[in-house]
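Student:
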Amino acid sequence: MKQYELIHPKTHLRVLSRQEIKQLTDIGTATHELLRRCAFAVMSAGSQEDDYTRLEEGYRGFNISVEQEDRGLVLQLTGAPASAFVDNEIIRGVREQLFSVLRDILYSQESILAAHRFDLSNTDGITNAVFHLLRNANILQPDLPPNLIVCWGGHSIPPHEYQYTKEVGYQLGLRGLDIGTGCGPGAMKGPMKGATIGHAKQHIRNGRYIGITEPGIIAAEAPNPIVNELVILPDIEKRLEAFVRLAHGIIIFPGGPGTAEELLYILGVLSHPDNKSLPFPLVITGPKESEAYLRDLDRFIGDTLGSDAQRKYALVIEDPVAVAKLMKDGMRKVEKFRRQHNDAFFFNWSLKIDHDFQMPFDPTHENMKQLSISRALPGHELAANLRRAFSGIVAGNVKADGVQRVRKHGPYEIHGDKDILAGMDRLLRAMVEHGRMKISGEYQPCYQIITD
Numbered sequence: 034m035k036q037y038e039l040i041h042p043k044t045h046l047r048v049l050s051r052q053e054i055k056q057l058t059d060i061g062t063a064t065h066e067l068l069r070r071c072a073f074a075v076m077s078a079g080s081q082e083d084d085y086t087r088l089e090e091g092y093r094g095f096n097i098s099v100e101q102e103d104r105g106l107v108l109q110l111t112g113a114p115a116s117a118f119v120d121n122e123i124i125r126g127v128r129e130q131l132f133s134v135l136r137d138i139l140y141s142q143e144s145i146l147a148a149h150r151f152d153l154s155n156t157d158g159i160t161n162a163v164f165h166l167l168r169n170a171n172i173l174q175p176d177l178p179p180n181l182i183v184c185w186g187g188h189s190i191p192p193h194e195y196q197y198t199k200e201v202g203y204q205l206g207l208r209g210l211d212i213g214t215g216c217g218p219g220a221m222k223g224p225m226k227g228a229t230i231g232h233a234k235q236h237i238r239n240g241r242y243i244g245i246t247e248p249g250i251i252a253a254e255a256p257n258p259i260v261n262e263l264v265i266l267p268d269i270e271k272r273l274e275a276f277v278r279l280a281h282g283i284i285i286f287p288g289g290p291g292t293a294e295e296l297l298y299i300l301g302v303l304s305h306p307d308n309k310s311l312p313f314p315l316v317i318t319g320p321k322e323s324e325a326y327l328r329d330l331d332r333f334i335g336d337t338l339g340s341d342a343q344r345k346y347a348l349v350i351e352d353p354v355a356v357a358k359l360m361k362d363g364m365r366k367v368e369k370f371r372r373q374h375n376d377a378f379f380f381n382w383s384l385k386i387d388h389d390f391q392m393p394f395d396p397t398h399e400n401m402k403q404l405s406i407s408r409a410l411p412g413h414e415l416a417a418n419l420r421r422a423f424s425g426i427v428a429g430n431v432k433a434d435g436v437q438r439v440r441k442h443g444p445y446e447i448h449g450d451k452d453i454l455a456g457m458d459r460l461l462r463a464m465v466e467h468g469r470m471k472i473s474g475e476y477q478p479c480y481q482i483i484t485d
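Structure representation (structure tokens):
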């Protein structure tokens, strides 16, 4: 641990008002605690630890304060992870991510949440808030054609799956496609690492490696060092909307409950009748060794959401070139559609996202128990509630609040139709057996499946 460091910005956010500094540095306030937790996560990048208890041990001795000097802003750190420094100099990528944290927390807390600038109880207000958060982070680039591929997948994956994500990323990079992920390790890092080589071979020097995260999960999935554009959304639902509004195509690699949550989200969104004609290339893929698991996932979608949902994606086994070609071809279709409909390349305004997919879900034991998981629901509503169930499992596995709740009150109860929950239980058991729930420590289930 580094006991004392002064860090100056090299790029953006060089000055703050006295009010902003007070807001960020008042010990014990929610904003300061949020800054402290996210800053520690960024400076712990590269750690393979996702056990909340062990992460908390290192976090206790860390603190950050914001000061204004004559020449501008300075961060004072105590107890910072030594891995963030080389020869007593902070790694440049870590420095940039650190000030991205400061920028996003300040803007979201002050200009979005506290200012009540947007009505966060309705669809248009939430979408506009997401747009402004991304614009403030300089993620929206109006002059670029459709070429951003969002890659989803587990943070806890075996080496052969990680290698496969790199090979897919390499093929995407060779085709000039940029990468967006949840910014953590595993299947979030692999595509970025592969794409850097593909971009280098094509002499692409401005490749984009966008990391999109939120405060609840950043500690367990700290930004990997390849991320060169980081943005922190206020909650998981706004993070998911940012993904699908930015993405021109999505690739899903093998993963755990977080990946299932993301898949259910995009399938629920695409299942809305208003999105029927919208081109949105979506591929589920993995190496040959993961075929059985991917077919379990495909079967789960068929058993719960039906064949219409299955037709919205391609399932590709052990073929990185085919995946990249599908995405490249999809980019042409997306560009043609958006030109015809005068929709922006940099933010998918045409995509209809139902209100159920936008409202933040707090995975308390009562809320998890009350989820309606029934075939009586329309397909996109069932997908929304299944997404919430998996979101709760993610919280119970790695998020601070969720882990503490499970320790205090026991496992979450998930109720619903017998046939749907049988498929969910089968998929979750496969995730446990394949080590997809956690990187470190023995996994203790945070949920119970109870059929009605």
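In our numbering, the protein residues as written are 34 to 485.
We treat Cβ as the ideally placed atom computed from N, Cα and C, and that holds for glycine.
Because the structure is a prediction, the values reported are computed rather than measured.
Around the C-beta of R136, are 16 or more other C-beta atoms found within 10 angstroms, so that it is buried, or is it exposed?
Tutor: Start at 1 with the first residue of the sequence shown, and residue 136 comes out as number 103. Buried, since its Cβ has 16 or more Cβ neighbours within 10 Å.
Student: Let me confirm a value: A233 is counted as buried when at least 16 other C-beta atoms fall within 10 Å, else exposed. Which label applies?
Tutor: As a first step, residue 233 is located in the sequence shown; it is residue number 200 there, counting from the start. It counts as exposed.
Student: Once DSSP output is grouped into helix, strand and coil, what is the label at S98?
Tutor: The residue given as residue 98 occupies position 65 in the sequence shown. S98: strand per DSSP, three-state reduction.
Student: I need the DSSP call for T318, collapsed to helix, strand or coil.
Tutor: For the purposes of this step, residue 318 is taken as residue 285 along the sequence shown, with counting starting at 1. Residue state, collapsed to three classes: strand.
Student: Tell me the residue span of the alpha helix (DSSP H) that contains I172.
Tutor: For the purposes of this step, residue 172 is taken as residue 139 along the sequence shown, with counting starting at 1. Note, I172: premise wrong, no alpha helix (DSSP H); not H, not E.
Student: Checking 8 angstroms against the spacing of the C-beta atoms, do G186 and G339 come in under that value?
Tutor: Your numbering for residue 186 matches position 153 in the sequence shown. Your numbering for residue 339 matches position 306 in the sequence shown. No; because the gap between Cβ atoms is not below 8 angstroms, this pair is not in contact.
Student: Across which residues does DSSP place Y197 in a beta bridge pair?
Tutor: Locating residue 197 in the sequence shown gives position 164, counting from the first residue. Per DSSP, none; premise fails for Y197.
Student: State yes or no: is the C-beta of L461 nearer than 7 angstroms to some heavy atom of the ligand PLP?
Tutor: The ligand PLP is not part of the structure shown, which contains no ligands of any sort.
Student: Name the DSSP beta bridge partners of A347, please?
Tutor: Mapped onto the sequence shown, residue 347 falls at position 314. A347 is bridged to V316.
Student: Over the uninterrupted alpha helix (DSSP H) stretch that includes V277, give me the two end residues.
Tutor: Against the sequence shown, residue 277 aligns to sequence position 244. Segment 269 to 279, the alpha helix (DSSP H) holding V277.
Student: For Y203, name the three-state secondary structure that DSSP assigns.
Tutor: Position 170 of the sequence shown, counted from the start, is the residue given in the question as residue 203. Note: Y203 maps to helix in three-state DSSP.
Student: Please report the residue range of the beta strand (DSSP E) in which E475 lies.
Tutor: Here the question's residue 475 lines up with position 442 in the sequence shown. It is not in any beta strand (DSSP E) - E475 carries neither H nor E in the DSSP assignment.
Student: If I follow the unbroken alpha helix (DSSP H) through H65, where does it start and stop?
Tutor: Translated into positions along the sequence shown, residue 65 becomes position 32. 63 to 76 is the span of the alpha helix (DSSP H), which, as asked, contains H65.
Student: Can you tell me which of the three DSSP states I254 falls into?
Tutor: As a first step, residue 254 must be located in the sequence shown, where it is residue number 221. Just to set this straight, residue 254 is Glu in the shown sequence, not Ile. In the structure shown, E254 sits in coil (DSSP, three-state: anything other than H, G, I, E or B).
Student: Have a look at R462, A422, D376, G412 and flag the residue whose alpha-carbon is nearest the alpha-carbon of P178.
Tutor: In the sequence shown, the residue the question calls residue 178 occupies position 145. Looking at the Cα atoms, D376 is the closest of the given residues.
Student: Could you give the residue range of the alpha helix (DSSP H) that holds L210?
Tutor: Residue mapping note: residue 210 aligns to position 177 of the sequence shown, counting from 1. Looking at the DSSP string, L210 is not in any alpha helix (DSSP H), and its letter there is neither H nor E.
Student: Helix, strand or coil: how does DSSP classify I406 here?
Tutor: Reading the sequence shown from its first residue, position 373 is the one you call residue 406. Correct three-state label for I406: coil.
Student: In the DSSP output, which residue or residues are listed as bridge partners for Y242?
Tutor: Stepping through the sequence shown from its first residue, residue 242 is reached at position 209. Y242 pairs with I212.
Student: If I'm right that L404 touches N418 with Cβ under 8 angstroms, what's the distance once you round it to whole angstroms?
Tutor: Start at 1 with the first residue of the sequence shown, and residue 404 comes out as number 371. Start at 1 with the first residue of the sequence shown, and residue 418 comes out as number 385. So it is a contact: roughly 5 angstroms between Cβ atoms.
Student: On the premise that S189 lies in contact with R469, defined as a C-beta separation below 8 angstroms, what is that separation, rounded to the nearest angstrom?
Tutor: Residue numbering aside, residue 469 sits at position 436 when the sequence shown is read from its first letter. Residue numbering aside, residue 189 sits at position 156 when the sequence shown is read from its first letter. R469 to S189, Cβ: 6 angstroms. Contact.
Student: Given 8 angstroms as the limit, is there contact between the segment 378 to 397 and the segment 275 to 293, that is, 3 or more CB pairs closer than that?
Tutor: A contact exists between the segment 378 to 397 and the segment 275 to 293.
Student: Which class does F333 belong to by DSSP, given the choice of helix, strand or coil?
Tutor: Indexing the sequence shown from 1 puts residue 333 at position 300. Here F333 sits in helix by DSSP.
Student: By Cβ distance, which residues of its chain are closer than 8 angstroms to E200, with the 5 residues on each side in sequence left out?
Tutor: Translated into positions along the sequence shown, residue 200 becomes position 167. Here the set comprises G227, P353.
Student: Among V75, T58, Q142, which residue has its Cα nearest to the Cα of Q109?
Tutor: Here residue 109 refers to the residue found at position 76 of the sequence shown. Of V75, T58, Q142, the residue nearest in Cα terms is T58.
Student: Using only CA atoms, which one of V99, F73, V107, E351 lies nearest to R93?
Tutor: Working through the sequence shown from its first residue, we reach residue 93 at position 60. Per the Cα distances, F73.
Student: Measuring CA to CA, which of E262, M225, F333, K432 is closest to V134?
Tutor: One-based indexing of the sequence shown puts residue 134 at position 101. If we check each option's Cα against that of V134, E262 comes out closest.
Student: Below 8 angstroms between beta carbons: does that hold for I182 and I212?
Tutor: If you number the sequence shown from 1, residue 182 lands on position 149. If you number the sequence shown from 1, residue 212 lands on position 179. Result yes, Cβ atoms of I182 and I212 sit closer than 8 angstroms.
Student: Checking 8 angstroms against the spacing of the C-beta atoms, do D316 and L273 come in under that value?
Tutor: The residue you call residue 316 lines up with position 283 of the sequence shown. The residue you call residue 273 lines up with position 240 of the sequence shown. According to the sequence displayed, residue 316 carries Val and not Asp. Against a cut-off of 8 angstroms, the Cβ pair of L273 and V316 comes out as no contact.
Student: State the start and end residues of the unbroken beta strand (DSSP E) segment that holds G425.
Tutor: The residue labelled residue 425 in the question sits at position 392 within the sequence shown. Per DSSP, G425 belongs to no beta strand (DSSP E); it is in the alpha helix (DSSP H), 412 to 431.
Student: Specify, as a first and last residue, the run of the beta strand (DSSP E) that I40 falls within.
Tutor: Within the sequence shown, the letter at position 7 stands for residue 40. It spans 38 to 40 - the beta strand (DSSP E) in which I40 sits, taken as one unbroken run.
Student: D387: buried (16+ other C-beta within 10 angstroms of its C-beta) or exposed?
Tutor: Locating residue 387 in the sequence shown gives position 354, counting from the first residue. Result: buried.
Student: Taking only the alpha-carbon atoms, compute the straight-line gap between V264 and A162 and give it to the nearest angstrom.
Tutor: The residue you call residue 264 lines up with position 231 of the sequence shown. The residue you call residue 162 lines up with position 129 of the sequence shown. Each residue's alpha carbon lies about 14 angstroms from the other.
Student: Would you mind giving the Cβ-Cβ distance between I159 and P267, rounded to the nearest angstrom? I have them listed as a contact below 8 angstroms.
Tutor: As a first step, residue 159 must be located in the sequence shown, where it is residue number 126. As a first step, residue 267 must be located in the sequence shown, where it is residue number 234. About 10 angstroms separates the two Cβ atoms, so there is no contact after all.
Student: In chain order, which alpha helix (DSSP H) runs of at least 4 residues are fully inside the segment 353 to 398?
Tutor: Complete alpha helix (DSSP H) runs here, min 4: 353 to 373.
Student: Could you check where the beta strand (DSSP E) with E247 kicks off and where it finishes?
Tutor: For the purposes of this step, residue 247 is taken as residue 214 along the sequence shown, with counting starting at 1. No beta strand (DSSP E) contains E247, which DSSP labels as neither H nor E.
Student: Can you check which of these residues, P478, E129, F151, L327, is closest to G244 by C-alpha distance?
Tutor: On the sequence shown, position 211 is the one that residue 244 refers to. Nearest option by C-alpha distance: E129.
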